[in-house]
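See below for the structure under consideration.
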Amino acid sequence: MDNGQIPQNLIDRINELANRKKTVGLTPEEKEEQKSLRETYLSIFREGFRNRIEMLQIYDKDGKEVTPEKVKNIQRKRGLRDD
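Dropping the structure here:
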């Protein structure tokens, strides 16, 4: 689950419950499980997305770095920048 990787078994179970909901419906326990799994999925997705965004360096067409200062500060705190 590191680096924002969403485990395949989590995705499979979410899909299984979604299909079951469409066909025969869900029990109250399955509805709670579905809610919990979706929250977990979103949490992992957001963490991975944030990590990718915070690793970006942006350059203009002339090759000058124009990465926002907020992102540069995050990168400095993580030890990813020397400046």
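Heads up, the sequence shown is in the working numbering, so the first residue is 8 and it goes up one at a time.
We put the beta carbon where it would ideally sit given N, CA and C, even for glycine.
Three CB pairs or more closer than 8 Å across the region 67-75 and the region 20-31
Counting Cβ pairs under 8 Å, fewer than three are found: no touch.
From the DSSP output, which residues share a beta bridge with TYR66?
The sequence position of residue 66 within the sequence shown is 59, counting from 1. BP columns for TYR66 point to GLU72.
Boundaries of the alpha helix (DSSP H) in which ILE18 is found, first to last residue
Here residue 18 refers to the residue found at position 11 when the sequence shown is read from its first residue. DSSP places ILE18 in the uninterrupted alpha helix (DSSP H) bounded by 15-30.
What is the residue span of the alpha helix (DSSP H) that GLY55 lies within?
Numbered from 1 along the sequence shown, position 48 holds the residue referred to as residue 55. In the DSSP assignment, GLY55 falls within the alpha helix (DSSP H) that extends over 35-61.
Going by DSSP in three states, GLN82 sits in which element: helix, strand or coil?
Numbered from its first residue, the sequence shown carries residue 82 at position 75. In this structure, GLN82 counts as helix in the three-state DSSP scheme.
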